[in-house]
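Everything on this sheet refers to the single structure shown next.
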Amino acid sequence: MHTPDKSQKTFNKGDIIMRQGEFGESAYIIEKGSVEISVKKLSGDSILVATRGVGAIIGEMSLIDNAPRTATVTAKEDCTLLEITKDDFTRRLDASDPVLRMTMQVILTRYRDTLIRADIRQEPAPLPAAESIELEYLGKTDAVDNIRISNEFMEALSKGEICLHYQPIINMQDGSVYGFEALMRWFHPERGFISPGIFIPIIEDSGLIVEASKWAFKESCNALKRIQGQTGYHNDLNMSVNFSSTDFSSDDFLDNIYNTISETDVQAKNIHLEITERLLMNQPAQAKETLDMCRKAGMGISIDDFGTGYSSLSYLHAFPINTLKIDQSFIRDMHENENSQALVKSIISLGKNLDMAIVAEGVEQIEEGKLLKEMGCDYAQGYYFAKPMSEEDVIKCVSNWDHDMI
Ligand code: C2E
Ligand code: CA
Ligand code: CA
20 MHTPDKSQKT FNKGDIIMRQ GEFGESAYII EKGSVEISVK KLSGDSILVA
70 TRGVGAIIGE MSLIDNAPRT ATVTAKEDCT LLEITKDDFT RRLDASDPVL
120 RMTMQVILTR YRDTLIRADI RQEPAPLPAA ESIELEYLGK TDAVDNIRIS
170 NEFMEALSKG EICLHYQPII NMQDGSVYGF EALMRWFHPE RGFISPGIFI
220 PIIEDSGLIV EASKWAFKES CNALKRIQGQ TGYHNDLNMS VNFSSTDFSS
270 DDFLDNIYNT ISETDVQAKN IHLEITERLL MNQPAQAKET LDMCRKAGMG
320 ISIDDFGTGY SSLSYLHAFP INTLKIDQSF IRDMHENENS QALVKSIISL
370 GKNLDMAIVA EGVEQIEEGK LLKEMGCDYA QGYYFAKPMS EEDVIKCVSN
420 WDHDMI
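First residue of the sequence shown? That's 20 in the numbering used here, and the numbers climb one at a time after it.
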């Protein structure tokens, strides 16, 4: 059976199927017979590099770029080959998963690059630079951009391109600073600032979040110790650190938390772990055990983005949670949307009934702050009070804090 894009071709023993240095637009799958692959080195010597039989694919790199063939293929016996044209291949790739597609293209590009470096090509000149092909893909697709971000992350961490900023959390009763939330920042030398909203989900997918969280936890405990010391608020300031579900799957999660707390000499009661409802839903048994241990050790457990996740509230009883952070979407339109206001009110009374503290996130205006205070909200965080800032700025800011903002 033939299709317009796939066709059988026959070759007699000794025929040249493709010649090194010539341009070709097709790859072939060997259906019958076998072939010999040889390459001519720059010295002029031809060497046999491989023999391929039924089922093998030859000339596959021509499907990816327009560079000339890197080897000569000769029929070792009478052969039948199935041709795959570049058009057909492109159509198939376009229809496939984008990550798969880009990974495939990048791998083949690198493979060709390796061949060039290995000095087995006859004519290096007409070849488009492999790097530029790769960059073209990288610029075009989200999927590869994600791969690149993930690849660059660990190096960025070791080079100090990634740091933490700390956003003050305010005690609504007396207007003092209760503590901070540690938020990751990536200042990329070429791309500029990359938002954690972009890179955190990517490093969660690739699993790098586990190392990143360990780093962030240690860094924020050390920072808390210094901020407490330099502002004179010794054991009165707290630090909230974000964790992802993947962190909880790591075998040494608890050991790392305990060790870091003891090494950095912070008090467990000043440390809050921020987690999402999703984590509790995904790994209920494991999460409960781990969180119970953290609570027993004295740490606080906060549910982040509360109100945006699952409708069932039964998990609130099942886990040792002591703080709910109301998602900023409810706060943002609270003063003009009665439904949001009613929701915020209910979350506050739910928290009171369950003996949990409430933090309102994303407070941008004084009216929102006043309303929240009236409703009995315990803590608030948002641009109205302070933006996330460097440790140095936090120390200055807390030392001169205006307690009458609310
Ligand atoms: P989040 O945990 O909900 O953090 C609060 C986000 O709201 C932060 O965004 C903060 O800068 C922003 N924000 C605070 N006040 C206001 C306000 O008044 N208005 C508005 N519009 N935004 C406000 P950011 O720093 O961009 O972080 C985004 C998300 O990235 C975080 O959301 C968190 O889910 C994640 N993230 C950041 N750092 C870490 C980290 O170290 N570990 C993990 N696992 N996730 C992190
Ligand atoms: Ca958070
Ligand atoms: Ca949040």
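Beta carbons: idealized from backbone N, C-alpha and C, even for Gly. What you are looking at is a predicted structure, and each value in this text was computed from that prediction instead of being measured.
Terminal residues of the beta strand (DSSP E) in which residue i lies
i      : result
TRP234 : It is not in any beta strand (DSSP E) - TRP234 instead sits in the alpha helix (DSSP H) that spans 228 to 250.
LEU46  : The amino acid at residue 46 is misidentified as Leu; the sequence shows Ala. Start and end: 45 to 51.
ASN358 : Premise fails: ASN358 lies in the alpha helix (DSSP H), 357 to 372, not in any beta strand (DSSP E).
SER57  : 54 to 59
LYS178 : It is not in any beta strand (DSSP E) - LYS178 carries neither H nor E in the DSSP assignment.
THR342 : 342 to 345
VAL196 : 196 to 207
ILE213 : 211 to 213
Backbone CA spacing between residue i and residue j [nearest angstrom]
i      : j      : result
SER177 : LEU292 : 24 angstroms
HIS422 : ASN241 : 26 angstroms
ALA149 : THR104 : At ALA149, the pLDDT of 39 sits below 50, so the modelled position is not reliable; the number obtained from the coordinates is stated separately. Taking the straight line from one Cα to the other gives about 21 angstroms.
THR89  : GLN39  : 5 angstroms
ASN170 : LEU390 : 45 angstroms
VAL260 : GLU380 : 15 angstroms
GLY168 : HIS207 : The sequence given here places Ile at residue 168; Gly does not occur at that position. Cα to Cα, the separation comes out at about 10 angstroms.
PRO187 : ASP270 : 32 angstroms
LEU369 : ILE377 : 9 angstroms
ASN278 : PHE236 : 11 angstroms
ASP412 : PHE199 : 13 angstroms
LYS28  : ASP106 : 17 angstroms
ALA75  : LEU101 : 11 angstroms
ILE244 : GLU238 : Note that residue 244 corresponds to Lys in the displayed sequence, not to Ile. When rounded, the distance between both Cα atoms is 10 angstroms.
ASN356 : TYR398 : 21 angstroms
ASP274 : ASP193 : 36 angstroms
LYS315 : ALA201 : 23 angstroms
THR283 : ARG210 : 33 angstroms
ASN31  : ILE126 : 33 angstroms
ILE367 : GLY395 : 7 angstroms
MET173 : TRP234 : 11 angstroms
SER65  : VAL58  : 5 angstroms
LEU82  : LEU362 : 57 angstroms
The alpha helix (DSSP H) enclosing residue i, as first and last residue numbers
i      : result
LYS392 : 385 to 394
LEU112 : 105 to 114
THR91  : Counting along the chain, THR91 falls outside any alpha helix (DSSP H), though it belongs to the beta strand (DSSP E) covering 91 to 94.
LEU335 : 334 to 337
Same chain, Cβ closer than 7 angstroms to residue i, neighbours up to 5 away in sequence not counted
i      : result
LEU299 : ALA306, TYR334, PHE338
HIS354 : GLU386, GLU387, LEU390
CYS313 : ILE276, LEU292, ILE320
THR265 : GLU223, GLY226, ILE228, VAL229
ARG297 : SER264, GLY328
THR309 : PHE267, PHE272, LEU273
Cβ of residue i within 8 angstroms of any chain C Cβ
i      : result
ALA287 : No chain C is present in this structure, which holds just one protein chain.
Sequence-distant residues of the same chain with beta carbon closer than 6 angstroms to residue i, five excluded per side
i      : result
PHE42  : PRO87
LEU343 : ILE322, PHE325, GLY370, MET375, ILE377
PRO215 : MET203
GLY317 : ALA287, LYS288
ILE48  : ILE76, LEU101
GLU50  : THR99, LEU101
Please give the ranges of any beta strand (DSSP E) in the segment 275 to 322, keeping only runs that are unbroken, at least 3 residues long and fully inside the region.
290 to 294
Taking a cut-off of 5 angstroms, which residues have a beta-carbon closer than that to any heavy atom of ligand 2, in chain order?
ASN261, GLU293, ASP323
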